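Asks:
Number of protein chains: 2
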Amino acid sequence: MAHAAHTDCPGCTAPDLAFAAHDHAHCAEDALIRAEALTSVNGARLTPVRRRVLEILLEEHRALGAYDVLARLAAEGYGNQPPVAYRALEFLVEQGLAHRIQRLNAFTACVHMGEAHAPAFLICRACQSVAEASAGAARSALEAEAGRSGFAIERTTIEALGLCPKCQGKAE
Amino acid sequence: MAHAAHTDCPGCTAPDLAFAAHDHAHCAEDALIRAEALTSVNGARLTPVRRRVLEILLEEHRALGAYDVLARLAAEGYGNQPPVAYRALEFLVEQGLAHRIQRLNAFTACVHMGEAHAPAFLICRACQSVAEASAGAARSALEAEAGRSGFAIERTTIEALGLCPKCQGKAE
DNA sequence: ATATGTATGTAATACTATAACCTGTCAAGT
DNA sequence: ACTTGACAGGTTATAGTATTACATACATAT
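In order, the protein sequences belong to chains H and C. The numbering used here numbers the first residue of the first sequence as 166 and each following residue consecutively. The numbering used here numbers the first residue of the second sequence as 166 and each following residue consecutively.
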């Protein structure tokens, strides 16, 4: 292993450094260890396909479509029909190991596995990168607003489209 | 006309009454008048197809898929190929006359036409109703969070899934 | 009247997602 | 050991959503 497992790699988990370069390899290793632990606690099984899908998401470190994932699975000898990918992705999302980005019809590995968190996604329209930020405050505000009409929120989708730091200044 | 056009029908525009019963007919009439004015100001044209699509969204007063809209258009003699519906819907969204609900792959008429606003959508998972609420506070919180990593937000998608007042208590 | 830009119609296709069914595996209970 | 039942994965087929590309018509301004 590159270095000891830890829970606070700035490059992987800190929202304010989400766009900074960092060591993907160790993130993935750490995340897989945590994923094993979390699914085990939940009585769920991180089977080979599921584990491999999570690895793929971690390796790419960006949002992947179900068919992108499927293509990689198929190339490695797993089933090559859509349900194979969709089922694994659904499992990962249910377990809190991955998130779905509605705007992109895509999936990305969670960077806060095991922590209760309300994720927001910052999607760069220039380079397609996706950063996971904290939607805690935004979600609270939304709950307050919903509460005024008696609506009971269960899940939220909070996504922003714009330009990441790297892409600002390049082209407008 | 049912009554004089106005801009503050509680049933149509007030977030806290979004789920209350109200007079759809006058909402639609009023909204169409405003839509004509707004597009005219923008130098855009509210053509028959576009106007009819907006009417359909207003009549239904719920989120409609592009193919739902298309079916209604086709039944009335308009083109029956997907681009007819998608183009009209895209136009309405660009003009701020309608919104897209990412989570539902559906569209709904805007209830705050002409006002600058950040919409949030409250989607009832039981009755599929969709209320447009104000995401002002949530959006500010999100912008603050994004700003910390240097991300420049251009557009936001803020949606919540849950139970509307009517459906709470019925089935859990 | 003609040119230009814009809007619409149409065909074909691409992309995203799910239903239904079957088979294999593994662990729990007998 | 044997059975059973739950679950995961493989496969076929199909449903649902969206876009590209091209042809036609229409509006407006010269």
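Glycine included, C-beta positions come from ideal geometry on N, C-alpha and C. Source: prediction; values computed, not measured.
Which runs of the beta strand (DSSP E) fall wholly inside the region 278-315 of chain C and span at least 3 residues, in chain order?
Replies: 284-289, 295-299
Asks: Cα separation between A281/H and A209/C?
Replies: Along the first sequence, one-based indexing puts residue 281/H at 116. Along the second sequence, one-based indexing puts residue 209/C at 44. Taking the straight line from one Cα to the other gives about 46 Å.
Asks: From the DSSP output, which residues share a beta bridge with I318/C?
Replies: The residue you call residue 318/C lines up with position 153 of the second sequence. BP columns for I318/C point to G327/H.
Asks: Mind pulling the chain C residues with CB within less than 8 Å of T293/H?
Replies: The count along the first sequence starts at 1 and reaches residue 293/H at position 128. For clarity, residue 293/H is Gln in the given sequence; the question names Thr instead. By Cβ distance, chain C contributes nothing, its closest Cβ being about 14 Å from Q293/H, past 8 Å.
Asks: With 8 Å as the threshold, decide whether the Cβ of Q267/C is near any Cβ in chain H.
Replies: Numbered from 1 along the second sequence, position 102 holds the residue referred to as residue 267/C. A Cβ of chain H is located within less than 8 Å of the beta carbon of Q267/C.
Asks: Would you give the residue range spanned by the alpha helix (DSSP H) that H226/C belongs to?
Replies: Position 61 of the second sequence, counted from the first residue, corresponds to residue 226/C. That residue, H226/C, is in no alpha helix (DSSP H); it is neither H nor E in DSSP.
Asks: Please identify the residue among A228/C, R217/C, E259/C, V258/C whose C-alpha is closest to the C-alpha of G242/C.
Replies: As a position in the second sequence, residue 242/C is number 77, starting the count at 1. For G242/C, the nearest C-alpha among the options comes from R217/C.
Asks: Please go through the region 207-264 of chain C and give each complete beta strand (DSSP E) segment of 3 or more residues, from N-terminal end onward.
Replies: none
Asks: Take the Cβ of P284/C as the centre, count every other Cβ of all protein chains shown within 10 Å, and call the residue buried at 16 or more, exposed below.
Replies: Taking the second sequence and counting its residues from 1, one reaches residue 284/C at position 119. Buried: at least 16 other Cβ atoms inside 10 Å.
Asks: Is the beta carbon of A274/H less than 8 Å from the beta carbon of L211/H?
Replies: By one-based count along the first sequence, residue 274/H stands at place 109. By one-based count along the first sequence, residue 211/H stands at place 46. Their beta carbons are not under 8 Å apart, which means A274/H does not touch L211/H by this criterion.
Asks: Look at A193/H and M278/H and say whether their C-beta atoms are less than 8 Å apart.
Replies: For this step, residue 193/H is matched to residue 28 along the first sequence. For this step, residue 278/H is matched to residue 113 along the first sequence. No, they are not a contact pair.
Asks: Kindly say whether D181/C, judged by its beta-carbon, lies nearer than 8 Å to any beta-carbon of chain H.
Replies: Within the second sequence, residue 181/C is the residue found at index 16, counting from 1. Here D181/C scores only 44 on pLDDT, less than 50, and its place in the model should not be relied on; the value that follows carries that caveat. So yes, D181/C belongs to the interface.
Asks: Give the interface partners of L287/C over in chain H, defined as CB-CB distance under 8 Å, in chain order.
Replies: Residue mapping note: residue 287/C aligns to position 122 of the second sequence, counting from 1. Simply A311, S314, F316, I318.
Asks: Once you ignore the five residues that flank P247/H on each side, which residues in its own chain have a CB closer than 8 Å to its CB?
Replies: Taking the first residue of the first sequence as position 1, residue 247/H is located at position 82. Counting only Cβ-Cβ distances below 8 Å, and skipping sequence neighbours, we find A231, Y232, L235.
Asks: Roughly how many angstroms lie between the CA atoms of H264/C and L257/C, to the nearest whole one?
Replies: In the second sequence, counting from the first residue as 1, residue 264/C sits at position 99. In the second sequence, counting from the first residue as 1, residue 257/C sits at position 92. So the alpha carbons of these two residues sit roughly 8 Å apart.
Asks: Taking a contact to mean a Cβ-Cβ separation below 8 Å, would you say L307/H touches V295/H in this structure?
Replies: Along the first sequence, read from residue 1 onward, the residue named residue 307/H stands at position 142. Along the first sequence, read from residue 1 onward, the residue named residue 295/H stands at position 130. Not closer than 8 Å, so no.
Asks: Establish whether the CB of I323/C and some CB of chain H are separated by less than 8 Å.
Replies: Position 158 of the second sequence, counting from 1, holds the residue named residue 323/C. By this cut-off, I323/C is an interface position.
Asks: Would the beta-carbon of L269/H fall within 8 Å of that of A317/C?
Replies: Residue 269/H sits at position 104 when you count from the first residue of the first sequence. Residue 317/C sits at position 152 when you count from the first residue of the second sequence. For L269/H and A317/C, no; Cβs fall outside 8 Å.
Asks: Determine whether the Cβ of G327/H lies closer than 8 Å to any Cβ atom of chain C.
Replies: Counting from 1 along the first sequence, the entry for residue 327/H is found at position 162. Yes, G327/H counts as interfacial toward chain C.
Asks: What does DSSP give as the partner residues of I266/C in its beta bridges?
Replies: Taking the first residue of the second sequence as position 1, residue 266/C is located at position 101. Bridge partners of I266/C: A271/C.
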